[in-house]
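Line order of the protein sequences matches chains C and L. Using our numbering, the first residue of the first sequence is number 1, and each one after it goes up by one. Using our numbering, the first residue of the second sequence is number 1001, and each one after it goes up by one. Each residue gets a CB set at the ideal place from its N, CA and C atoms; glycine is no exception. It should be emphasised that the depicted structure is a prediction, and the values quoted were computed from it without experimental measurement.
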Amino acid sequence: MSDQNVPNDGRFVRLYDHFKREWQIYVLLLPMIIWFSVFLYKPMYGLQIAFKDYSIFRGIAASPWIGFEHFQTLLGSDQFMRALRNTFMISMLSLCFGFPMPIILALMFNEVTNQLFKRTAQTIVYLPHFISTVIIAGIVITAFSPTAGVVNTVLEWLGFEPIYFLIKPEWFRPIFIGSGIWQEAGFSSIVFLAAIAGVNPSLYESAVVDGASRWQMIWKITLPSILPTIIIMLIIRIGNLLEVGFELIIVLYQPATYETADVINTYIYRQGVQGAQYDLAAAAGLFNAVIAFVLVMTANTISKRYSRTSLW
Amino acid sequence: MSGVDLSNIVKKYGAFQVVHGIDLTVAEKEFVVLVGPSGCGKSTTLRMIAGLEEITAGELSIDGRRMNRVAPKDRDVAMVFQNYALYPHLNVADNMAFGLRIRKMPKAEIKTTIDDVAGILGLTEYLDRRPADLSGGQRQRVAMGRAIVRHPKVFLFDEPLSNLDAKLRTQMRAEIKRLHKRLGVTSIYVTHDQVEAMTLADRIVVMNDGRIEQIGTPMELFNNPANTFVAGFLGSPPMNQVKGVLTAMGAKIGDTEIKIDGVTAADIGRAVTVGIRPEHVALKAGQGTSPLPIDLDLVEPLGSEALLHARFGDIEMVFKAETHGDIGHLSGVTDIHVDASLVMLFDGETGQALNLGG
């Protein structure tokens, strides 16, 4: 047979064969592609208003381009800079205190041998995740209430003056981060528990024969074994660093605590929705997204270089 | 003396009993292999010796000291696991040093020990590598190295070669045997592979259903199996076992009679199981042989010898025959000549070995 008669096995033919063979997998993927297109990629069209003097009457296309004017306005705004500072502070504090908690919880659950106690404790710590943020905020407001709140009641028993926690800027961050940990630490521990369940039991048995204590096994076997999972979760967390719990803040904060509580998202909400400055709010949102993108890329690159673990 | 004594050891999981009162004495420097089919309790027994499973009843002593309630780390045993149990985040040197660091051995001493053992096992050039970067055989050697560096009184091996391919298994088997000769440490080795058991053991313990069927040297067990289970378990291919009855001439199976000496008048008519090892036959009649008519089904050439799969009546049997470089002459075989002096007899009901005239 001459070379001319050999079937064309080019890239397109191979791609066609691939789709023909694997089409079922792409059908499974389709809902996700549609979802992303409709809810994430299509709205990106509207991002251009961050560079326009947008008017809802003229529409997106007819609004005039103004370049980086909104960004200059934002960077010159005390309120935006305060929101940016607060976002970083709250994010960093939740990363420092909130990120290790699920890992610690998972390690603790893994050490519990009584199954009934373990399941009960797990259910109790998972539950807050399923409660609406508004209810959580209600619980927090009630618990820290200066008159009937449990915290102030205890303080009074101990002989201290009651504190109106929620109007004091210095208390906002601890309360916000603490309630965030209370709500999510349990549920977030599931992924680490799953990682721990994947550790080869022979490693522990071998360590037992070698004479390792429970504590040594946690440090020398469990933690190193789940390190790739910890790193992946950390990279994802860093990517969401600027996405602080908007709903909880909007319910908990008030003008008296703006100094420490106002974050980029609440700023966008006030400017965009309440102040109808959609273009400025879009610029703030885009600024937020670009920083998040840079952060996740940096974290991924560092992790890839030093721990052989990365998201992509 | 670093021997191991098991006295009436029982293991129960709730109401389910998996080990039924095992008695075993392993002498110092001895290499004992526990062998048996899956679920026979051999690994459980080993894990009880290691301290990884609690002993429900009975006495375990190592080096003359009762160990039932002693923590695994204080038993001075080292264990090699089936899946190697290497710490994936540590390199070879750190894996081997793990137990020594736990025991707070001085750093310099750890280094010397690791270097010595790595030299013995041929791991010196791999000390900086992680387990993921090693082959199966190298990982197995690291697992053994981790046990050896501890200088324990007893080595426990839990099917350490099961994850290796056939060629590597043969190679590692020889290495383990050499290592035992060199170190002379009491070793208890669990396997379901009878070839491993035969080649490695000073003594083999054949287990079945949580009980010991027989203890003895490999050749004792091969030549004088205590019952049909041991007879069928040791030897490859396994012994052919045919139901028969004793006659004045010997043993009758189907319409064929195999001449066996020593049948007394009292034995005549007794139901027996006749055991014929595949290699205890010839293609031509000789002195003391009895012919067995067969329908040849299949010939499997193995090189110098071939396996003949045949039917004797309704019973499938396997025999070994020499090929002399050709299997053409094997296709026409219609009779197999059994060496009557090597035929084994077992009680037809209990399966226990019969010693005629004994």
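CA nearest to the CA of residue i, picked from the options
| i | options | result |
| --- | --- | --- |
| L:GLU1028 | L:ILE1049, L:THR1323, L:GLY1003 and L:VAL1018 | L:GLY1003 |
| C:PHE57 | C:TYR278, C:VAL290, C:PHE287 and C:GLU205 | C:TYR278 |
| C:PRO313 | C:ALA256, C:GLY178 and C:GLY211 | The structure shown does not extend to residue 313 of chain C, since chain C is modelled only from 1 through 312, so no value can be given for it. |
| L:LEU1349 | L:ASN1008, L:LEU1292, L:GLN1140 and L:THR1273 | Checking the sequence, you will find Glu at residue 1349 of chain L rather than Leu. The residue with the shortest Cα to Cα distance from L:GLU1349 is L:THR1273. |
| C:SER189 | C:ALA121, C:ILE136 and C:VAL134 | C:ALA121 |
| L:ILE1327 | L:HIS1192, L:SER1341 and L:LEU1298 | L:LEU1298 |
| C:GLU170 | C:TYR253, C:SER303 and C:ILE232 | C:TYR253 |
| L:MET1317 | L:LEU1302, L:ASP1295 and L:GLY1325 | L:ASP1295 |
| L:VAL1092 | L:LEU1302, L:LEU1127 and L:ALA1310 | L:LEU1127 |
| C:GLY59 | C:GLY67, C:ILE49 and C:ILE66 | C:ILE49 |
| C:LEU47 | C:LEU280, C:THR309, C:THR301 and C:PHE88 | C:LEU280 |
| C:ALA61 | C:TRP182, C:PHE71, C:GLY76 and C:TYR45 | C:TYR45 |
| L:ALA1251 | L:ILE1276, L:PRO1238, L:THR1228 and L:LEU1179 | L:ILE1276 |
| C:PHE176 | C:LEU227, C:VAL125, C:VAL38 and C:THR260 | C:THR260 |
| C:ILE218 | C:ILE33, C:ASN110, C:VAL251 and C:PHE68 | C:ASN110 |
| C:SER91 | C:LYS304, C:ILE66, C:GLN24 and C:GLY180 | C:GLY180 |
| L:ASP1116 | L:VAL1080, L:LEU1183 and L:ARG1065 | L:LEU1183 |
| L:ALA1132 | L:PRO1088, L:HIS1151 and L:GLU1109 | L:PRO1088 |
Contacts of residue i in chain C (Cβ-Cβ under 9 Å)
| i | result |
| --- | --- |
| L:ILE1102 | ALA207, ASP210, GLY211, ALA212, SER213, GLN216 and LYS220 |
CB contact flag (residue i, residue j, <9 Å)
| i | j | result |
| --- | --- | --- |
| L:ALA1097 | L:VAL1149 | yes |
| L:LEU1161 | L:ILE1176 | yes |
| L:VAL1032 | L:GLY1210 | no |
| L:VAL1190 | L:VAL1035 | yes |
| L:GLU1213 | L:MET1219 | no |
| L:ARG1146 | L:ALA1197 | no |
| L:HIS1337 | L:SER1290 | yes |
| C:ALA299 | C:LEU234 | yes |
| C:GLY211 | L:ASP1094 | no |
| C:GLY239 | C:ALA292 | yes |
| C:TYR267 | C:ALA83 | yes |
| C:VAL125 | C:GLU247 | no |
| L:VAL1026 | L:THR1217 | no |
| L:PHE1346 | L:GLN1194 | no |
| L:GLU1279 | L:LYS1320 | yes |
| L:ILE1102 | C:GLN216 | yes |
| C:ILE250 | C:ILE226 | no |
| C:ALA282 | C:TYR54 | yes |
| C:LEU166 | C:THR229 | no |
| L:THR1247 | L:GLY1232 | no |
| L:LYS1153 | L:ASP1076 | yes |
| L:ASN1083 | C:ASN200 | yes |
| L:GLN1138 | L:ASN1163 | no |
For residue i, the first and last residue of its enclosing beta strand (DSSP E)
| i | result |
| --- | --- |
| L:HIS1020 | 1016 to 1026 |
| L:HIS1329 | Premise fails: L:HIS1329 is in no beta strand (DSSP E) and is neither H nor E. |
| L:VAL1004 | 1004 to 1013 |
| L:ILE1336 | 1335 to 1339 |
| L:ALA1321 | 1315 to 1322 |
| L:ASP1347 | 1344 to 1347 |
| L:ALA1251 | 1250 to 1253 |
Residue i: first and last residue of the uninterrupted alpha helix (DSSP H) it sits in
| i | result |
| --- | --- |
| L:ARG1211 | Unbroken run through L:ARG1211 is the beta strand (DSSP E), 1211 to 1216; no alpha helix (DSSP H). |
| C:PHE160 | Per DSSP, C:PHE160 belongs to no alpha helix (DSSP H) and is neither H nor E. |
| C:LEU29 | 11 to 36 |
| C:SER189 | 169 to 197 |
| L:PRO1293 | Note, L:PRO1293: premise wrong, no alpha helix (DSSP H); beta strand (DSSP E) at 1289 to 1293. |
| C:GLN48 | Segment: none, C:GLN48 is in no alpha helix (DSSP H) and carries neither H nor E. |
Partners in chain L for residue i, counting only beta-carbon separations shorter than 9 Å
| i | result |
| --- | --- |
| C:SER303 | What C:SER303 touches in chain L: nothing, since even the nearest Cβ is about 15 Å away. |
| C:SER307 | In chain order: nothing, as chain L lies at least about 10 Å away. |
| C:SER225 | TYR1087, PRO1088 and HIS1089 |
CB contact below 9 Å: residue i versus chain A
| i | result |
| --- | --- |
| L:PHE1098 | Given the protein chain composition of this structure (C and L), no chain A is represented. |
Contacts that residue i makes with chain L (C-beta to C-beta distance below 7 Å)
| i | result |
| --- | --- |
| C:SER202 | PHE1081, ASN1083 and ALA1085 |
Where residue i meets chain C, residues with beta-carbon distance less than 8 Å
| i | result |
| --- | --- |
| L:VAL1077 | VAL209 |
| L:LEU1052 | GLU205, VAL208 and VAL209 |
| L:LYS1011 | Simply none; closest approach about 16 Å. |
Listed by chain order, chain C residues near residue i by CB distance under 7 Å
| i | result |
| --- | --- |
| L:PRO1072 | VAL208 and VAL209 |
Sequence ranges, beta strand (DSSP E) only - wholly within the stretch 1058 to 1082 of chain L, length at least 3:
1077 to 1080
Could you give the uninterrupted runs of the alpha helix (DSSP H) lying entirely in the stretch 1154 to 1233 of chain L, keeping only those of 4 residues or more?
1166 to 1183, 1194 to 1200, 1218 to 1223 and 1228 to 1233
Contiguous beta strand (DSSP E) assignments of at least 3 residues, all confined to the stretch 1262 to 1306 of chain L
1271 to 1276, 1289 to 1293 and 1295 to 1301
Which parts of the stretch 223 to 279 of chain C are runs of the beta strand (DSSP E), unbroken and 3 residues or longer, counting only runs that do not cross its ends?
none
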